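Peer 1: Taken in order, the first sequence gives residues 98 to 312; the numbers are from this note's numbering.
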Amino acid sequence: MTRLSKLLREMYQKLWEAFGPQGWWPGETPFEVCLGAVLTQNTNWNNVARVLGELKADGLLNPRALLLMPEAELARRLKPVGYFNVKARRLKSFLAFFAGRFQESLDLMALSDLEALRPALLEIKGIGPETADSILLYALHKPTFVVDAYTFRILGRHGLVGETASYEELRRTFMEHLAPEVELYQEFHALLVRLGKDFCRPTPRCDGCPLHKWP
DNA sequence: GACCAGGCACATC
DNA sequence: GATGTGCATGGT
Numbered sequence: 098m099t100r101l102s103k104l105l106r107e108m109y110q111k112l113w114e115a116f117g118p119q120g121w122w123p124g125e126t127p128f129e130v131c132l133g134a135v136l137t138q139n140t141n142w143n144n145v146a147r148v149l150g151e152l153k154a155d156g157l158l159n160p161r162a163l164l165l166m167p168e169a170e171l172a173r174r175l176k177p178v179g180y181f182n183v184k185a186r187r188l189k190s191f192l193a194f195f196a197g198r199f200q201e202s203l204d205l206m207a208l209s210d211l212e213a214l215r216p217a218l219l220e221i222k223g224i225g226p227e228t229a230d231s232i233l234l235y236a237l238h239k240p241t242f243v244v245d246a247y248t249f250r251i252l253g254r255h256g257l258v259g260e261t262a263s264y265e266e267l268r269r270t271f272m273e274h275l276a277p278e279v280e281l282y283q284e285f286h287a288l289l290v291r292l293g294k295d296f297c298r299p300t301p302r303c304d305g306c307p308l309h310k311w312p
């Protein structure tokens, strides 16, 4: 067992003991998870939940309705999440990809393997590495690790990776040192976000942090 | 009123 | 490859 795999397991253990299961991703259907992944880009989840709730209440939280909706109307509905023009365009490009290749069926999409689907998702304008990995891990249950701003900050501050590490370096760090288990990856990422929100802020709040002065 | 939030594309050096 | 900029609302 390498040093890193030991540290990562230890970190996961401490977070689990401190916070318990996070039950991610919030969302009733895989499709809703995909939309949330795009809408939450650089945005507070509360704003996303509001917009998704409004779409759901109006019966519009499905591929067909959103494909038919004019982009300008979609943008108007996305206002609370910020970047609404950009995100309307990004959702439209995701929907087009999805309808074109999988006939609106996430079940078919889930049949594709990770190695084929990840590059395909990354081809879509507006789907970067974090959004692609979120869709793969939480909507399609593929064992890929999601790296986000909190992951960079937490691993950097605790000296597990260099300050200049790239997205792929961090993703590889997790995937090469942990068993490729979907549930483990889901909980670990969610726990890192929880830690980031509660303690590992841009200005740290170390008082009470379960990883204080660790390792 | 500043700072922050579960990024990404694109231009430029 | 690294670095800078635009995109924008809502909570603290």
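For each residue, glycine too, the CB sits at the ideal point set by N, CA and C.
Note that the structure is predicted; figures quoted are calculated from it, not measured.
1. Along the alpha helix (DSSP H) that carries Q110, what are the first and last residues, could you check?
2. Can you list, in chain order, the residues of its chain with a C-beta nearer than 7 angstroms to that of E266? Leave out the 5 residues immediately preceding and following it.
3. Would you mind giving the Cβ-Cβ distance between P127 and A213, rounded to the nearest angstrom? I have them listed as a contact below 8 angstroms.
4. Quick one: what's got a C-beta closer than 6 angstroms to V290's C-beta in the same chain, skipping five residues either side?
5. Return the chain-ordered list of same chain residues with a C-beta closer than 6 angstroms to the C-beta of P177, the five sequence neighbours on each side being excluded.
6. How would you call P312, buried or exposed, if buried means at least 16 neighbouring beta carbons within 10 angstroms?
7. Using 8 angstroms for Cβ pairs, my map puts F242 next to H286. What's the rounded Cβ distance?
8. Mind the definition here: the region 105–112 touches the region 151–161 only if three or more C-beta pairs lie below 8 angstroms; say whether that holds.
9. I need the straight-line Cα distance from E284 to E168, nearest angstrom please.
10. Check whether the Cβ atoms of L219 and K184 lie closer than 8 angstroms to each other.
11. Helix, strand or coil for K184 per DSSP?
12. So, under 8 angstroms CB-CB, C297 and R268 are touching, yes? Tell me the CB distance rounded to an integer number of Å.
13. Whole alpha helix (DSSP H) runs in the region 198–266 with 4 or more residues, listed along the chain?
Peer 2: Walking through what the data contain:
1. 100–116
2. V258
3. That pair is no contact at about 18 angstroms.
4. Y247
5. N144, R147, V148
6. exposed
7. 7 angstroms
8. no
9. 35 angstroms
10. no
11. helix
12. Contact flag wrong, Cβ pair sits at about 19 angstroms.
13. 203–208, 211–220, 226–231, 246–254
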